[in-house]
Each structure stands twice: as C-alpha cells, then as structure tokens.
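Following: one structure in structure tokens, then a few remarks.
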Amino acid sequence: MSSSAGGAGAGGGGADIASLLEKAKELDQLKKDQDEVVTEINKIHKKVLASPEMVDKSVDAILLKLRGLYARAKELSESEVSASTALIGLLDGLLQSGASTAQRKKIVGEQKKKRIKSDTDTARFSAASMRNQLDQAANLKGEQVAARVKSDDEKDEWFVVKVIHFDKETKEYEVLDEEPGDDEESTQKKYKLPMSCIIPFPKKGDPSSAPDFGQGRQVLAVYPGTTALYRATVASHRKRKSDDYILEFDDDEEDGSLPQRAVPFYRVVALPEGHRQ
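If you use the working numbering, the sequence shown corresponds to residues 8 to 284, in order.
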C-alpha cells in the first residue's frame, strides 16, 4: 500500500516537471518572438533616422507597420506575464511536492544557457549594425555631401563639401570646403565633423536613389549658383524621378513673392530635424 502511494507521488512529480518544461519552452519561444519584433522595430527606427527622406515615400505604411509591431510586442508581453505566472505556480507546486534538487538544477541550468545565447545573439546583431553604418560612412570618401560646418544659437549653416576621410575610431569625417570665400586671401578649408553633421546626396546617375518629396514638403537644397544649402518648399510634384525639383526658397522674396527655382534632384535632401536658419 505504501509502495503504491510512493509510485503515485513519483508519477505526479514527473507530470509536474513535464508541464514545467513545456511552459519553460513556451516562455523561451515568447522571448525569441519578442526579440524578433524588437529587432524589426529597431530596423525601421534606424532606417528613418539614417534616411529621413524615406518617410515621404510611404509615411502611412511605415506608421501602420510600426503600430502593428508595437501591438504585437504588447500582446507578447502580456503572454509572457501569463506564462511566467503559470511557471511560478508550477515551481511552487514542485517545491511543495519535494522535486529533487538535481531536477531543479537541470531546469534552471537549461534556461540560463538559453538566456545567455539570446543575449549574445542580440549583441552580435547590434555590433553588425554598427559596422554596417561605419562601412557606409567610409564609402563616402571622395563624394560631395551636405555638411553643417558652422552653427550657433541662431541658425544652422550647410554647405556642399567633399569627404576626404572617415575615421572609424573617432566616427568623424574630414571634409574639404572646395569653394573659397569672396576674400582674396580665402582658401579652401578643412573641417572635422561628426556623423550627425553629414547628409549624403542622392547619386547623380541614379535617380532611383533620390527620395520623392511631395508638393508642400520642406527640404534642404543647394541654392542655384552657390554651394550653400537653404530651407525650401517643394512647389510642385515631379513627373519623373530624374526631373529637377521646383522649389521656393525661404527668404528669397522678389517683388512680394517667392520665385520658383529649379534644383537638380541630386542636390536636394530631407530637412534635418530641428533645423534652424
């Protein structure tokens, strides 16, 4: 009789451990699903930060995708809470029923290994993403870019400069202002600028690389006949990607109105957030 009771107890303990392992697997899968969602969210955020102009192409689609991802993240978090609560209940039951120390150590050890692997994978992704950004920055050597070379409390000043070198250690560009000033003594100037002060231009020979800014959108563009960039408004939508933009520059008033000026697509970029002019 006592032998039968012992067998029943062991069987119940085995069933509890099987349920616990199953719930632990479910929790681990939820963690993996959450990591995937967070990775997708971060990818979109990084793309928008690196290329604000992409928002113009499909702002509604981007917002809808982000909303869906955040809703999914919320759903997974709630599922994780439920699974964790159930797991705690199973653990309490096992502790009360006297599950062996060896069994408990095995469960905890397996979960710890999985968590360490997940954290390592996330760190690898972050490092790879940073390396990719640095490689793209290094590839701008010899290219003309838009650069904020001077700024004070009142305005931002942007010019066309040529990238001479990118230092991956300091994450700084060395650039050359190829246009000397009006003074006779003026010479070409070099600057060292952080990545946040540089905006790559679309490629001249590849109109598909240029964002499609809609009518009424404010942009930063090279004023015709100069190497300086100023804030402007798109006056009309382009029919083809290779067409010039027709822009109205701020403070460019003539005879009480703003003249419309044609600017090549490869000399127009998204207006930086918080731009002051």
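In this text, a Cβ means the ideal position worked out from N, Cα and C, and glycines have one as well.
According to DSSP, is I52 helix, strand or coil? The sequence given here places His at residue 52; Ile does not occur at that position. Of the three classes helix, strand and coil, the one that applies to H52 here is helix, per DSSP.
How is P207 classed by DSSP in three states: helix, strand or coil? strand
Proximal residues to P279 (C-beta, below 8 Å), its chain only, five neighbours per side dropped: P59, R155, D163, I206 and L227
Would you kindly check if the distance between the Cβ of E87 and the Cβ of L34 is under 8 Å? yes
Contact defined as beta carbons within less than 8 Å: I believe K30 pairs with L94. What is the distance between those atoms, to the nearest angstrom? 5 Å
Own chain, CB closer than 8 Å to H282, minus 5 neighbours either side, in chain order: D163, L227 and R238
Residues in the same chain with beta-carbon distance under 8 Å from S249, minus the five sequence neighbours each way, listed in chain order, please. P214 and F272
Where do the N-terminal and C-terminal ends of the beta strand (DSSP E) with H172 fall, by residue? D163 to D174
Rounded to a whole number of angstroms, what is the C-alpha to C-alpha distance between A217 and A235? 19 Å
DSSP three-state label for F272, please. helix
Once the 5 residues before and after V270 are set aside, which same chain residues still bring their CB inside 7 Å of it? A228, V229, P231, D251, Y252 and L254
Residues near L141 by beta carbon distance below 6 Å, same chain, minus five either side: K175
Buried versus exposed call for D184 [16 or more other C-beta atoms within 10 Å across all chains shown]: buried
Option nearest L70 by Cα separation, candidates T233, K196, A242 and V55: For L70, the closest alpha carbon among the candidates T233, K196, A242 and V55 is that of V55.
Other residues of its chain near E179: CB distance less than 7 Å, five sequence neighbours each side excluded: K199, L200 and P201
Count the other CB atoms, across all protein chains shown, that sit within 10 Å of the CB of A277; report buried if there are 16 or more and exposed otherwise. buried
Taking the beta carbon of V241 as the centre, do at least 16 other beta carbons fall within 10 Å, making it buried, or is it exposed? When all chains shown are included, V241 counts as buried.
Of the residues R247, Y77, E150 and V167, the one placed nearest D210, counting alpha carbons only: According to the sequence provided, residue 210 is Lys. The question's Asp does not apply to it. That would be E150, whose Cα lies nearest to the Cα of K210.
Those residues which DSSP pairs with F220 across a bridge: DSSP lists no partner for F220.
Could you spell out the range, first to last residue, of the beta strand (DSSP E) harbouring D250? Careful: D250 lies outside any beta strand (DSSP E) and carries neither H nor E.
Sub-8 Å separation of V167 and K148 beta-carbons: no
Could you tell me which of S91, L73, D67 and L76 sits nearest to S26, measuring between CA atoms? S91
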